[in-house]
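J.:
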């Protein structure tokens, strides 16, 4: 049986909540444990209440649990806001001189309290108040019986670029660690992770976010141009690629706005680069006209659209899945695009590689549809195998092949809809990339027959791609009559919920990570035995459910739609399924 614990730290923004949370995730991973973490923060320039939550287990973890086993309360608001999340038998680490817990709650025998006087400690060692985060991490490591050596090593690694800060952070962590060891008996420790450790020196694993996995996928695919304007939750991909760009030999541009971003990427792609741009829903709104330019000029382009709740500014730092219909239909008239929706970090890596290949093969925009939950959450995972990556640039003509042709037509009518293209500077490969409707040479042409031929040619590309992309993933009992339906980041919470359901064999889970072209035959095969359907989505209208009904006629029998900006939690999914 899987053993799982959730650790959460809360405090004011600016006190290193995220940095210490990520350090805790990495320490657990070094001990051979599996982690999934997530951070919450308000859309404020400064201040506000921040949290970082880590679910730890001896088996793979696909999402965070809502209930908390160990709460680190750096301020009063953490107690007031998150008390209801405490699990039976949970524990709290806090400074009783700063955080006041009501007597009624102190009398709760289901909660253990560990006072650590970090105010006194950071004054004693002449440290800054923000180092209460490091003190609390030391206390955590002691209380959960993790390795002090791992913690010290992690501090040295994190502050390697600021060596002067290493000694004081080690001292602060040690003070918290020793205080727990000195003041509390080991039999009082409620959460012992030492018996779950599975250390293996041969086990090479990462603790990586969805955006970082997309970045690694882009690098493996040979991306050499990336442009973006910072917009949560896509910004960390810009930060990551900008950091590695010099070593990777790629160009990364922080443009002045999203209109410039997509046009820069289009220009780079036209010149022969493997180009990508990234944004959130609001920025994608500004890109729509240029998206149409990519469609009619048949220019390959990969776009990351990391969703957050809208409309307009909406909830800038929270999560949602409300942009599916938008990205499917953005830009005027009909033109082709492919939409991928990875469900975890491994799929972020693989589908980013796939996105670049598809963009080149079918000469169209490929949209990677992520969200804040997936983009910014970290998970422990095996190192991605870049040796298996195969690059397909599609139908690019060389000067030698052009010499054998008497008549190069960039938009030549073909059976599969894909016309051979050339890169600028290729001898004999001159063409016009025209944003008006054009003939096979790229010259503007408003003739009705030409218009029909070019529209139909572009449509054939998607029909060709549909045969390659006709796939869904099925988890659980393939013969089950009850089928859960979800897409993108719903994958993890649903898989976690299914493992602890009362009757797990009653259900299977059909997960879409390829949204468009719609995988008709794969969906039909996966649901051939299904008698009832249970939709899980992070929007208010059931957008995937509507798409399934449009394409297949299948109607969802039950819907769990969550649109408060928070992710789906396994506990609430399990509760819904057990009662439906």
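Residue numbers (our numbering): 147 to 726. We put the beta carbon where it would ideally sit given N, CA and C, even for glycine.
Alpha carbon to alpha carbon, how far is residue 176 from residue 345?
T.: The alpha-carbon of residue 176 is positioned some 7 Å away from that of residue 345.
J.: Does the segment 214-233 touch the segment 280-287, meaning 3 or more C-beta pairs lie closer than 8 Å?
T.: yes
J.: In angstroms, rounded to a whole number, what distance separates the CA positions of residue 163 and residue 198?
T.: 6 Å
J.: Which same chain residues end up closer than 6 Å to residue 445 when comparing Cβ atoms and leaving out the 5 residues on each side of it in sequence?
T.: 412, 415, 416
J.: Is residue 357 closer than 8 Å to residue 383 when the C-beta atoms are compared?
T.: yes
J.: Express the C-alpha separation of residue 292 and residue 216 in angstroms, rounding to a whole number.
T.: Linking residue 216 to residue 292 through their CA atoms gives a straight-line distance of about 14 Å.
J.: For residue 312, I'd like the list of residues in its chain whose CB is within less than 7 Å of its CB, leaving aside the five on either flank, ordered along the chain.
T.: 301, 302, 305
J.: For the alpha helix (DSSP H) containing residue 475, list its first residue and its last residue.
T.: Per DSSP, residue 475 belongs to the alpha helix (DSSP H) from 470-475.
J.: Check whether the Cβ atoms of residue 466 and residue 709 sit closer than 8 Å, and answer yes or no.
T.: yes
J.: Going by Cα to Cα distance, which pick from 340, 326, 270 is closest to residue 202?
T.: Distances from the CA of residue 202 to each of 340, 326, 270 were compared; the closest alpha carbon is that of 340.
J.: By the 10 Å Cβ neighbour count, where 16 or more other Cβ atoms means buried, how is residue 678 classified, buried or exposed?
T.: exposed
J.: Is the beta carbon of residue 326 sitting closer than 8 Å to the one on residue 288?
T.: A contact, by the Cβ cut-off of 8 Å.
J.: Apart from the five residues on each side of it in sequence, which residues of its chain come closer than 7 Å, Cβ to Cβ, to residue 419?
T.: 370, 371
J.: Kindly provide the ranges of any alpha helix (DSSP H) runs that are 4 or more residues long and lie completely inside the segment 342-388, ordered along the chain.
T.: 356-366
J.: For the segment 524-612, which segments carrying the alpha helix (DSSP H) assignment without a break, of at least 4 residues, lie completely within its bounds, in sequence order?
T.: 545-549
J.: How many whole angstroms separate the CB atoms of residue 680 and residue 726, which I take to be in contact at a CB cut-off of 8 Å?
T.: 6 Å
J.: Where does residue 199 sit, in a helix, a strand or coil, going by DSSP?
T.: Assigned with DSSP and collapsed to three states, residue 199 falls in strand.
J.: Output yes or no for whether 8 Å exceeds the beta carbon distance between residue 450 and residue 428.
T.: no
J.: Starting from residue 655, trace the beta strand (DSSP E) both ways and give me its first and last residue.
T.: Element bounds for residue 655: 653-658.
J.: DSSP on residue 511, reduced to helix/strand/coil?
T.: strand
J.: Let me confirm a value: residue 518 is counted as buried when at least 16 other C-beta atoms fall within 10 Å, else exposed. Which label applies?
T.: Burial call: buried.
J.: Can you tell me whether residue 349 is buried or exposed, with buried defined as 16 or more other CB within 10 angstroms of its CB?
T.: exposed
J.: May I have the straight-line CA-CA distance separating residue 400 from residue 355, to the nearest angstrom?
T.: Their Cα atoms are separated by approximately 21 Å.
J.: Could you tell me the alpha carbon to alpha carbon distance between residue 565 and residue 660, rounded to whole angstroms?
T.: When only Cα atoms are considered, residue 565 and residue 660 end up about 24 Å apart.
J.: Nearest-angstrom Cα distance between residue 99 and residue 559?
T.: Coverage of the chain is limited to positions 147 through 726, which leaves residue 99 absent and any answer about it impossible.
J.: When you compare only the Cα positions, how much space is there between residue 665 and residue 672?
T.: 11 Å
J.: Determine the direct distance from the alpha carbon of residue 507 to that of residue 556, and round the result to whole angstroms.
T.: 15 Å
J.: If you pair each beta-carbon of the segment 639-652 with each one of the segment 453-465, do three or more pairs fall below 8 Å?
T.: no
J.: Less than 6 Å between C-beta atoms, sequence neighbours within five positions excluded: which residues of the same chain meet that for residue 463?
T.: If you ignore the 5 residues before and after residue 463, its C-beta comes within less than 6 Å of the C-beta of 187, 189, 378, all in its own chain and listed in chain order.
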